[in-house]
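Inspection log for the structure reproduced underneath, given as C-alpha cells.
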C-alpha cells in the first residue's frame, strides 16, 4: 500500500497586497480578513515559472527527506498553467532538471483544485500495479498568469505555490496511507470556472452553490463507505477555496472549527497545492491519526479520500 | 409563516448574526445591513433549498435587498 513519506512546498517570491487597493477592488479589510482569509496573496517572482516553483518544492522535499529523489519510478505533474504551452510536458522537464532515472514514467495531469486528490489516487493505483517503490506527485499551478488584475472574483483569492509529495510503496509505520477514494464530476456546471480567452472566469455564485451542495454530501458518502464516523476523523483538510467556503463546509458537516484546517493567510487559494500545503504540517503532528482530504473546483469536480496513519 | 418571515428566518439562521435581521431590514440595501456578496450567496443557496426553486444567475446582480429576494419568490410562486 502506498504511503505519504514527506511533502515539500514553495511559494511565489512576490506578494500582492490587496489591502492596499480596497477601493479599486470594491472590498474591505473585514471582507479580506473574514471571508477571503488573507490580505495578501503569493505571486510568481522575477524569473519564476511553474517549473521553477516545482523544482523549489522538490528541493524542499529533498531537504526534509534525504534521498527523496532517488529511484523515483514515476512523476505526475498536476497543472493547468504549464510553461511554454505544455510541450514538452512539465513532468519531463522536471525529470531532466532533477536528473531522475531513465526508467521513470513522467506525465502531466490537467486538473485544478481537485488535482491533488485525483493525482494521489492515480499514483497509488499505478504504484501497486507496476510495483515501483517511489513516486513524485508535483502540483504547481500559478493562476496569476491567467488572472485579470482587476477581477475581484479571482484576484483577491488566487496565489502561486507548488508542492512535491513523495509516495512510497510500503506501509511505513507512522506515515499516512490514502484510500478509499471517491470522485464526482458535475460537467453540466463546468462553465462556472473556465478559461476560453486566456483569462480565468469564475462565476462565484455557481462555484459556491456547487461546493456547499456537493462537497458535504461527498464527504459523508466516503465516510459512510469507509465505515468511519466523522467524530473519528482528527482533521479535515479541504481545498482552501476561501476561508468562508471552508468554514461553511465545516458548518454543514457539523465539524468543530478547530478540526477544519484553514491555510490561506499570506498565500491565498493555491489551487491543487492548497491541500498538500496543509498536509505538510499535519505529517508532523502525531496526534492527527486520521484525516479527510477533499479537493473541489474546476470541472466542476470533487475528489475525496481518507488518510490513516499506519500503526507503529 | 409568510414569505418574508421564512426569508428572515433563513437569513438569521445562516448568517448567525449578533443582531438578528428584522422586517425593517428587508428593504434596506444588503451592504447597509452588513450582508456582503458571500453572505448573500449563502442565503440564496438556502432560499433555493427551502422554496425548492432555482434563482437564475442573471437575477442575482439585480437584487440589492432582501425585499427584492422576497419579491422574486412571490413571482416564482405565482
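Residue numbers (our numbering), protein chains in the order written: chain R, -19 to 292; chain G, 192 to 269. C-beta atoms are modelled at their ideal positions from N, C-alpha and C, and glycine is treated no differently. As the structure is a computational prediction, the values presented were derived from the model and not from experiment.
Short of 8 Å in beta carbon distance, which residues of its chain neighbour residue i, apart from the five on each side in sequence? Order them along the chain.
i: residue 19/R; result: -3, -2, -1, 9, 12, 13
i: residue 201/G; result: 234, 237, 238, 241
i: residue 132/R; result: 5, 6, 7
i: residue 206/G; result: 212, 226, 230, 233, 234
i: residue 212/R; result: 270
Taking Cβ positions only, does residue i come closer than 8 Å to chain R?
i: residue 251/G; result: yes
i: residue 264/G; result: no
i: residue 248/G; result: yes
Can you list the residues of chain R that residue i reaches, using a CB-CB cut of under 7 Å?
i: residue 227/G; result: 11, 15
List the residues of chain R whose Cβ lies closer than 8 Å to the Cβ of residue i, in chain order.
i: residue 232/G; result: 184, 185, 188, 189
Along chain R, which residues have their Cβ under 9 Å away from the Cβ of residue i?
i: residue 189/G; result: Since the first residue shown for chain G is 192 and the last is 269, residue 189/G is missing from the structure and cannot be characterised.
If you check the beta carbons only, do residue i and residue j fall under 8 Å apart?
i: residue 31/R; j: residue 74/R; result: yes
i: residue 257/G; j: residue 242/G; result: no
i: residue 169/R; j: residue 154/R; result: no
i: residue 5/R; j: residue 136/R; result: yes
i: residue 232/G; j: residue 188/R; result: yes
i: residue 149/R; j: residue 46/R; result: no
i: residue 160/R; j: residue 206/R; result: yes
i: residue 289/R; j: residue 156/R; result: yes
i: residue 225/R; j: residue 191/R; result: yes
i: residue 42/R; j: residue 48/R; result: yes
i: residue 254/R; j: residue 84/R; result: no
i: residue 115/R; j: residue 53/R; result: yes
i: residue 15/R; j: residue 228/R; result: no
i: residue 252/R; j: residue 17/R; result: no
i: residue 201/R; j: residue 162/R; result: yes
i: residue -15/R; j: residue 152/R; result: yes
i: residue 255/G; j: residue 199/G; result: no
i: residue 119/R; j: residue 256/R; result: yes
i: residue 260/R; j: residue -13/R; result: yes
Which residues in chain G have a C-beta closer than 8 Å to the C-beta of residue i? List them in chain order.
i: residue 200/R; result: Chain G residues near residue 200/R: none, gap ~16 Å exceeds 8 Å.
i: residue 1/R; result: Going along chain G, no residue has its Cβ under 8 Å from residue 1/R, so there is no contact; the nearest lies around 17 Å.
i: residue 52/R; result: Chain G residues near residue 52/R: none, gap ~41 Å exceeds 8 Å.
i: residue 192/R; result: 233, 236
Kindly list the residues whose CB is nearer than 7 Å to the CB of residue i, restricted to its own chain and excluding five residues on each side of it in sequence; keep chain order.
i: residue 25/R; result: -8, -7, -6
i: residue 117/R; result: 56, 99, 100, 103, 145, 147
i: residue 195/G; result: 214, 217, 261
i: residue 258/R; result: 217, 241, 243
i: residue 126/R; result: 61, 175, 178, 179, 180
i: residue -10/R; result: 33, 36, 37, 40, 141, 142
What residues in its chain sit with their C-beta under 6 Å from that of residue i, if we drop five residues either side in the sequence?
i: residue 21/R; result: -4, 139, 248
i: residue 122/R; result: 24, 30, 61, 140
i: residue 71/R; result: 55, 57, 86, 87, 88
i: residue 244/R; result: 17, 18, 220, 223
i: residue 165/R; result: 279, 281
i: residue 224/G; result: 216
Quick one: does residue i have its CB under 8 Å from some CB of chain G?
i: residue 19/R; result: no
i: residue 135/R; result: no
i: residue 181/R; result: no
i: residue 228/R; result: yes
i: residue 224/R; result: yes
i: residue 125/R; result: no
Spell out whether any CB of chain C is found under 8 Å from the CB atom of residue i.
i: residue 184/R; result: The chain labelled as chain C is not found among the protein chains of the depicted structure, namely R and G.
Margin query: Under 8 Å, with one C-beta from each stretch per pair, do the segment 175 to 183 of chain R and the segment 140 to 156 of chain R reach the 3-pair mark?
Written below: no
Next item on the list: Could you tell me whether the segment 92 to 107 of chain R touches the segment 50 to 59 of chain R, using the rule of 3 or more Cβ pairs below 8 Å?
Entry: yes
Checklist line | At least three beta-carbon pairs within less than 8 Å, the segment 29 to 48 of chain R to the segment 63 to 81 of chain R | finding: yes
Next item on the list: Please determine if the segment 216 to 231 of chain G and the segment 279 to 292 of chain R are in contact, where contact requires at least 3 C-beta pairs separated by less than 8 Å.
Entry: no
Item checked: Cβ pair count under 8 Å reaching 3, the segment 216 to 225 of chain R against the segment 264 to 278 of chain R -> yes
Next item on the list: Check whether the segment 182 to 200 of chain R touches the segment 221 to 241 of chain R, taking contact to mean three or more Cβ pairs, one atom from each stretch, closer than 8 Å.
Entry: yes
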